[in-house]
Amino acid sequence: MSRIGRKPIPVPSGVDITIQPGTVTVKGPKGQLAEQIHRDITVTQEGAEIVVTRPTDRGPHRALHGLSRSLIANMVEGVTDGFSKTLEIQGVGYRASLKGSTLDLALGFSHPVSVDAPEGIEFEVPQPTRIVVKGTDKQLVGETAAKIRKKRPPEPYKGKGIRYEGEYVVRKVGKRA
């Protein structure tokens, strides 16, 4: 049996969960999230816990069991604490600034690059070389951070570009005279 799927999800106080056939909705202090769950997977609320069960031990059901449990657990964590990803900018003259909900990036191009915050995402720029992407939806936070990183990924020769906090970039030796 799936070790992840078998684990019950604790529901903190202040979080309301609505379970309907095929849909789980989680409402909390930071907002509301909804996710569609496969019709074969059963989600029940027992007291202050949510239990996810599967009908058989067949491969597709085993895969959906752990996935469904993880998605619901991420929704519960998102509406209580939220998620964040930090990006670092390295390079001479590379910087970020915030104008309203739009992130303006100077990345060595002839023009500034603007990134609009999607619904449910907010940006913070504590330093000109640091960007924090925050939100309640884990998938949307990761996707938005990846889109920002894609504007100028770190290159291997000088290490310039946008990278995740703590990301290690393998450096290459340049040409020798």
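The opening residue of the sequence shown carries number 435 in our numbering; numbering runs sequentially from there.
All C-beta atoms, glycine included, are put in the ideal place defined by N, C-alpha and C.
With 16 other Cβ atoms within 10 Å as the buried cut-off, status of residue i
i, result
"A530", "buried"
"I438", "exposed"
"K609", "exposed"
"P444", "exposed"
"R488", "buried"
"H545", "exposed"
"T490", "exposed"
Limits of the alpha helix (DSSP H) - the one that residue i falls within
i, result
"A580", "572 to 584"
"G500", "493 to 514"
"G439", "437 to 440"
Boundaries of the beta strand (DSSP E) in which residue i is found, first to last residue
i, result
"I484", "483 to 487"
"I565", "564 to 569"
"Y598", "595 to 598"
"R605", "Note, R605: premise wrong, no beta strand (DSSP E); not H, not E."
"V526", "No beta strand (DSSP E) contains V526, which DSSP labels as neither H nor E."
"A540", "536 to 540"
"P560", "555 to 561"
"T476", "476 to 480"
"S544", "Looking at the DSSP string, S544 is not in any beta strand (DSSP E), and its letter there is neither H nor E."
Contact set for residue i: own chain, Cβ-Cβ below 8 Å, skip 5 residues either direction
i, result
"K441", "R503"
"S548", "T536, L537, D538, L539"
"G554", "G465, G569, T570, D571, L574"
Spatial neighbours of residue i in its chain, beta-carbon cut-off 6 Å, leaving aside the 5 residues before and after
i, result
"E599", "T520, E522"
"T459", "T452, A468"
Close-in-space but distant-in-sequence residues of the same chain around residue i (CB under 7 Å, 5 per side omitted)
i, result
"G525", "G542, K594, G595"
"V485", "P442, T478"
Indicate whether the contact test is met: 3 or more Cβ pairs, each with one atom in the stretch 535 to 543 and one in the stretch 580 to 595, closer than 8 Å. yes
Unbroken stretches of the beta strand (DSSP E), 3 residues or longer, contained in the stretch 443 to 473: Here the runs fully enclosed are 450 to 454, 457 to 462, 465 to 470.
Using a Cβ distance threshold of 8 Å, determine whether the stretch 514 to 522 contacts the stretch 467 to 476, with at least three qualifying pairs required. no
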